[in-house]
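For the record, in the sequence shown the residue sitting at position 314 is 313 according to numbering that gives the first Met the number 0, with numbers rising by one throughout.
Heads up, the beta-carbon is just placed ideally off N, CA and C, and yes, glycines get one too.
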Amino acid sequence: MKAPIRSALAAFALAWVSGFPAPRAAAADLYLQIQRGEKVMIALPGFVSKGPDEEQAALAKELHSVAKDDLLFSRLFNLIEEGPPVGEGKIDFPGWGERGADLLAMANVKIDRPFSGKKEDSVRMIGSVFEAPGGNPVFQKTYTISKKNARKLPHEFVADILYRFTGNRGSSASRIAFVNDSTGSKELYLIDYDGANLRRVTRDGSIALLPRWSPDGKEIAYTTYRRGNPDLAVFSLENGTSRILSSRQGLNAAASYSPDGQSLVLTLSFQGAPSLYLIDRAGKILRRLTRSRSAETSPSFSADGRRIVYVSDRPGWPQIYVMDSDGSNSPRLTFSGYCDAPVWSPLGDKLAYSRGTRKGGHNIIVRDLASGAELQLTSGAGSNENPSFSPDGRFLVFTTTRGGKRELYLTNLDGTVQRVLADIPGNCYTPSWSP
């Protein structure tokens, strides 16, 4: 074990009196900073099935695979899967340490079947993390959910691991909202960040555009043409209903929530040229932010809510500007190409946007706000557009036509690892990664 990891674990490990404590004991204060560029070796032996039948064994195997993929996706861990047994007996922590493990993460899985046939089966998973080779406990938590949603359990387990060791829950429990045209209309869909659990959200038989998540992850604002006009609607994930928030004549589009979730910035055109306005959660206009004769759209709040990045065609072609959240102090950030769809990193340190040329085709650009340095992540492969940051600010989802149709792709922030999210029928548009 590397000395910095050992000392950090020793400093932050929980003190357990006997056996396993209640899951909440000091867990909220647990924090470990993984050194930049240094991956932690984590052992992840197969999850233990706590039932005698094949169904439970198969489920334990599936949930282990989900957790494995989540840890690898984070790019913060190297995995060790083979080692001493971790069943009911004593755990051989030194044995795992000899294999190079800094941490040992393990879980047991049980399907709970109610006596009443009217109730749905549930799944209970107990996840535990220890320091190896010493065996000092880091945390244990019990996760329970309906059987049909069992994949969420390892996602939450890995999110808790990441939080304990980075202060950030990562992406494992996140989802992506996007628009798809496979039904012949453009409808709103959801999918897990790992490409599982594709779900159609709207059935308007019309055009949905530009979904954006609320900061608490309970709502998605989007533009819909279901009543003819491009209105702003809000879909509630808690009750599965959609309501119209702004239906002013003309555009009600490209909304972005403020970090506190109490207001949204969007493009309205009821007074002429498309301009940016701030509205409250009831749809009331709080302030007009821009007053140019040009079209201004694609706003995105900074993480602290103090600034808004947006697109304006005032130079004659779309360029990116930034302004204070009251509409003042609006310098231009880009000076070449056709720039669109800027989004602010949840960490506040970067912007991502797409930049096109007169010949057509767009590429994804990441801009460091402190230095102004830009990195082009894509090149020579279709048109790449509409980036959206992962909740930890370490990855992007975007659309690309490199495979012929418009698909969702994931990339890290240096562009070295890019892959298709899932094989989804039809074309996909304007993804938005959940908080």
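Residues near residue i by beta carbon distance below 7 Å, same chain, minus five either side
i: I278; result: S245, S262, L263, L265, I284, L285
i: R305; result: D323, S324
i: A195; result: R150
i: A66; result: L43, P153, F156, V157
i: D68; result: D193
i: R199; result: E186, Y188
Contact under 8 Å by Cβ, residue i with residue j
i: P229; j: S297; result: no
i: M40; j: G99; result: yes
i: P132; j: P93; result: yes
i: K146; j: S184; result: no
i: L70; j: L43; result: yes
i: P214; j: G260; result: yes
i: S433; j: R174; result: yes
i: K109; j: R123; result: yes
i: F177; j: L407; result: yes
i: A397; j: P390; result: In the sequence under discussion, the amino acid at residue 397 is Phe, which differs from the Ala named in the question. Not in contact: F397 and P390 (Cβ atoms no closer than 8 Å).
i: R313; j: S293; result: yes
i: T165; j: L75; result: yes
i: R225; j: S255; result: no
i: A57; j: F46; result: no
i: Y142; j: L152; result: yes
i: N426; j: R401; result: no
i: I190; j: L420; result: yes
i: I125; j: N107; result: yes
Rounded C-alpha distance that separates residue i from residue j
i: T289; j: A253; result: 15 Å
i: Y192; j: R150; result: 12 Å
i: G371; j: L395; result: 19 Å
i: V128; j: L197; result: 30 Å
i: S381; j: P430; result: Sequence inspection shows Gly at residue 381; the Ser mentioned does not correspond to that position. Taking the straight line joining both Cα atoms gives about 17 Å.
i: S291; j: Y276; result: 12 Å
i: V308; j: T240; result: 30 Å
i: Q318; j: V310; result: 6 Å
i: L412; j: A158; result: 20 Å
i: L267; j: L208; result: 15 Å
i: I219; j: L374; result: 30 Å
i: R280; j: V85; result: 51 Å
i: K49; j: E130; result: 24 Å
i: S443; j: G271; result: A question about residue 443 goes unanswered here, because the residues of the chain that appear run from 0 up to 434.
i: I90; j: M105; result: 11 Å
i: D422; j: L62; result: 21 Å
i: P330; j: R242; result: 35 Å
i: P424; j: T201; result: 16 Å
i: A232; j: D203; result: 12 Å
i: Q32; j: K38; result: Any reading at Q32 needs caution, since the residue's pLDDT is 38, under 50, leaving its predicted position unreliable; the model's value is listed next. When rounded, the distance between both Cα atoms is 11 Å.
i: L187; j: F138; result: 38 Å
i: Y320; j: R357; result: 20 Å
i: D101; j: E80; result: 13 Å
i: L376; j: G403; result: 19 Å
i: S181; j: G227; result: 21 Å
Cβ-based neighbour list, residue i, same chain, cut-off 8 Å, excluding 5 preceding and 5 following
i: E97; result: P132
i: H361; result: Y337, D339, S353, R354, G355, S382, N383, E384
i: A302; result: P258, W343, S344, P345, L346, G347
i: S274; result: T266, L267, S268, R287, L288, T289, R290, S291, E295
i: S378; result: N362
Contacts around residue i, its chain only, beta-carbon distance under 6 Å, and the 5 residues preceding and following it disregarded
i: S257; result: F300, G304
i: Q248; result: F269
i: K217; result: L236, E237
i: G359; result: none
i: E119; result: S145
i: Q417; result: Y408, T410
i: W95; result: A42, G82, L103, A131
i: P113; result: none
Proximity to residue i [Cα-Cα], best of the options
i: T333; options: D348, L368, Y162; result: L368
i: D339; options: L409, V365, S327; result: V365
i: T410; options: T399, H63, F269; result: T399
i: G414; options: A351, K49, D422, N179; result: A351
i: N251; options: V233, T222, I90; result: T222
i: G111; options: E54, D203, D101; result: Sequence inspection shows Asp at residue 111; the Gly mentioned does not correspond to that position. Nearest C-alpha to D111: E54.
i: A428; options: N179, D203, S64; result: The sequence as given places Tyr at residue 428; Ala does not occur at that position. Of the candidates N179, D203, S64, the one whose C-alpha sits nearest the C-alpha of Y428 is N179.
i: K349; options: R357, G315, R393; result: R393
i: W212; options: S378, F234, R199; result: F234
i: F388; options: G379, W95, I363, G282; result: I363
Closer than 7 Å: residue i CB and nearest the ligand ADP heavy atom
i: V128; result: The ligand ADP is absent from the structure shown, which contains no ligands of any kind.
For the segment 145-182, list the alpha helix (DSSP H) runs that are entirely contained and at least 4 residues long, ordered along the chain. Counting whole runs of 4 or more residues, the segment 145-182 contains the alpha helix (DSSP H) stretches 151-165.
At 4 residues or longer, and completely inside the segment 65-139: list those alpha helix (DSSP H) runs for me, N to C. Runs of the alpha helix (DSSP H) inside the segment 65-139: 92-97.
Only counting runs of 3 or more residues, tell me where the beta strand (DSSP E) segments fall wholly within the segment 382-429, in order along the chain. 383-388, 394-399, 406-411, 417-419
Restricting to runs no shorter than 3 residues, where is the beta strand (DSSP E) found entirely within the segment 229-310? 230-235, 241-245, 251-256, 262-267, 274-279, 284-287, 295-300
Considering only residues of the segment 175-223, which uninterrupted beta strand (DSSP E) runs meet the minimum length of 3 residues and lie entirely inside it, listed in chain order? 186-191, 207-212, 218-223
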